[in-house]
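Asks:
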Amino acid sequence: MRLPSLLRRTPFRLTLLFLALFVAAAGAILAYVYFASASEAQARAQADVQGELSALTAIHRTRGVDALNQALVERTIRGGPYLYLLTGPDGKIVTGNLSVMPFDLKQPRQAGRGEWSTFRLTTTDEDGRVENRRSIGVILPLAGGDTLFVGEDIGGIEEYLSRLTQALWGAMALVILLGLAGGLYVSRRVEAAMAGLNRVVQAVQEGDLKQRAPLRHSGDELDELGQGLNTMLDRLETSMASIRHAGDSIAHDLRSPLTRMRAKLEVALIDAEAGKIDGVDALTIALDEADQLLKTFNTVLAIARLQAGGAPDPKVFDAADLAADMAELYEPAAEDKSIDFSAEVEKGLMVEGNQPFLAQALANLIDNAIKYTPAGGAVKLRARRRSSGEIEYSLTDTGPGVPEEDRERVVQRFVRLDNSRTEPGSGLGLSLVTAVAEAHGGRVVLDEGPGAYQGSGPGLRVALVIPPAAGSQ
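Mapping of the sequence shown onto my numbering: position 192 corresponds to residue 203, and the numbering continues sequentially without gaps.
1. If R223 sits next to N241, beta carbons under 8 Å apart, how far is it from one beta carbon to the other, in whole angstroms?
2. Please say whether S128 and P152 have beta carbons closer to each other than 8 Å?
3. What residue range does the beta strand (DSSP E) around R393 cover?
4. Buried or exposed for G391, please, with buried defined as at least 16 other CB atoms from any protein chain shown within 10 angstroms of its CB.
5. Just confirm the distance between the C-beta atoms of D356 and A374, as a whole number of angstroms; I'd bet it's less than 8 Å.
6. Assuming contact is defined by CB atoms lying nearer than 8 Å, are L475 and L340 in contact in what I supplied?
7. Terminal residues of the continuous alpha helix (DSSP H) containing T87?
8. Count Cβ pairs between the stretch 148-164 and the stretch 73-88 that sit closer than 8 Å; are there 3 or more?
9. Counting Cβ pairs closer than 8 Å, one from the stretch 33-51 and one from the stretch 170-185, do we hit at least three?
10. Could you give the residue range of the beta strand (DSSP E) that holds L471?
11. Inspect the CB distances between the stretch 92-100 and the stretch 160-168 and report whether three or more fall short of 8 Å.
12. For T95, write down the residues that DSSP places opposite it in a beta bridge.
13. Report the rounded CA-to-CA distance for G194 versus H451, giving the unit in angstroms.
14. Give me whichever residues DSSP pairs with T409 in a beta bridge.
15. Hey, how far is the Cα of D219 from the Cα of Q366?
16. Below 6 Å CB to CB, which residues in the same chain sit around I104 once its five sequence neighbours on both sides are set aside?
17. Would you kindly report the start and end of the unbroken beta strand (DSSP E) that includes D329?
18. Only counting the same chain, and skipping five residues up and downstream in sequence, which positions put a Cβ closer than 6 Å to that of S448?
19. Taking the CB atoms as reference points, tell me whether E363 and A480 lie closer together than 8 Å.
20. Between the alpha carbons of S65 and S173, how many angstroms are there, rounded?
21. Thinking L441 and V422 are a contact (beta carbons under 8 Å), I'd like their distance in whole angstroms, please.
22. Excluding five sequence neighbours on each side, which residues of the same chain lie with their C-beta closer than 8 Å to the C-beta of R86?
23. As a quick exercise: from Y171, L269, E126, pick the residue whose alpha carbon is nearest that of F46.
24. Taking the Cβ atom as the reference point for each residue, do Y383 and A394 lie within a distance shorter than 8 Å?
25. From the DSSP secondary-structure annotation, give me the bridge partner or partners of I402.
26. Can you tell me which of M361, P385, R131 puts its alpha carbon nearest to the alpha carbon of D351?
27. For D429, is the classification buried or exposed, using 16 other Cβ atoms within 10 angstroms of its Cβ as the cut-off for buried?
28. Tell me where the alpha helix (DSSP H) around D351 begins and ends.
29. Considering only C-alpha positions, which residue in the set D378, F328, A389 is nearest to G359?
30. Could you tell me the boundaries of the beta strand (DSSP E) in which T495 lies?
31. Which partner residues does R454 have in the DSSP bridge list?
32. Under the three-state reduction of DSSP, which class applies to F130: helix, strand or coil?
33. Are there 16 or more other CB atoms within 10 angstroms of the CB of K326, so buried, or fewer, so exposed?
34. Would you grab the beta carbon distance between G387 and G470 for me? Rounded to a whole angstrom, and I think it's under 8 Å.
35. Going by C-alpha distance, which of L369, G400, E416, I381 is nearest V444?
Right, here's the structure in full:
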């Protein structure tokens, strides 16, 4: 038989576990209190009886059995908690407030040595009800053959202990009931909170990425779980939207190259069949278009690798040397376009990372700066250490720049602004730079350029910021 879901919840099970531990601990404490109280009460009663016995034996020793008998009569008439019985050598009762000797008088005993025992004393209360009360006493053979018994009724102590035990058990039962009620309440609250999370998970499994977990703003672990789930869903929704956008962008950006490739191949086939040309030039153009498609897919694959596993094979190297090499590599391309290209590189910029990926990212930045800067403009490469200790590559150009509202969007995959549609490319350059930066624990920062320059501008400043190698600051 399957239990209700409320009773199968972890909080309810933990409540039962703590209740079981509490009951075990309370039971041990109760047993200790009971036995300690009973032992203390019996020891106190035994001490009282021993004191009374010592007083009576002193009377017998100094004044004889008649004086002892007189003292017992007086004590019996006066009343009190003690029980007395004096028997003669023949075993007959001489005096006392007991009708029966609790001990067997036929058993041989040594004179002057007392024998202790606990027994049940049968009495009748004021209402005529028979009571069987617990008592303790000592029997002492006296010189001359007489026997003296002194005892005490400890039934009141036993009743007190019984009431104490009942009160403790009642308190324990109340605690158990309250604990079960609290466990049910907590379990219901947790079940309600988890039910909301489960509904969100079910909706997401069915494809609804708009669902979010409700937050109670209590700051507890359930709120933390809900917040974490919502953050994960936000990223998942963004990723899915990016995938959809990437698919649309790939279809859009590859449609034209594929159409051109097909047209070139079709023209080459027609001309070759007509004997007009051999089709070599057309095939060369088609191969160039195919290379561009392969480059696009390779870039997408590189971004995916970086985002999935970080920078592979990290090594410590001087970022300044990389910047100098890239400046030397791209300076001729800038001169061909009549662009003033300059580099400002500090020395000793040690970083730990994948040098080929960082070189590719820096090449993308320089290539973009040269591509979008008109003739007569300027491009500047800088490699420096920031005041925070981070290493920064920056490219500043006097091109058209990127509007501030588009700077977060332009680093996404396949995003190309309207002023860049006339230039070749796939919109993956800054996406790859961002992926490289994040894989190295860094970031990409886009800022305003130097301003208008010879009728163009305001330009753009792109910074690739990464942490330095350990111990190089």
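From the three backbone atoms N, C-alpha and C, an ideal C-beta is built for every residue, glycine too. Quick caveat, the model's predicted, so the values are computed rather than measured.
Replies: On the basis of the coordinates in this document:
1. 5 Å
2. no
3. 389-396
4. What sits at residue 391 in the sequence shown is Lys, not Gly. It is buried - the Cβ of K391 has at least 16 other Cβ atoms within 10 Å.
5. Inspection of the sequence shows that residue 356 is occupied by Val rather than by Asp. About 16 Å; that fails the 8 Å criterion.
6. no
7. 76-89
8. yes
9. yes
10. 471-477
11. yes
12. Reading the sequence as shown, one finds Tyr at residue 95 and not Thr. In DSSP, Y95 forms a bridge with V161.
13. 49 Å
14. According to DSSP, which records beta bridges pairwise, T409 is partnered with nothing at all.
15. 41 Å
16. T98
17. 326-329
18. Contrary to the premise, residue 448 reads as Ala rather than Ser in this sequence. Within the same chain, A448 has close Cβ partners R454, V455, L475.
19. yes
20. 32 Å
21. 5 Å
22. Y93, Y95
23. Y171
24. no
25. R396, I477
26. P385
27. Confidence at D429 is low in this model, with a pLDDT of 47, below 50, so the placement of that residue should be treated as unreliable; the coordinate-derived value is given next. So D429 counts as exposed.
28. Where D351 is concerned, there is no enclosing alpha helix (DSSP H), although the beta strand (DSSP E) it sits in stretches over 351-356.
29. F328
30. No statement about residue 495 is possible, as the shown extent of the chain runs from 12 to 484 and does not include it.
31. V476
32. strand
33. exposed
34. About 13 Å; that fails the 8 Å criterion.
35. L369
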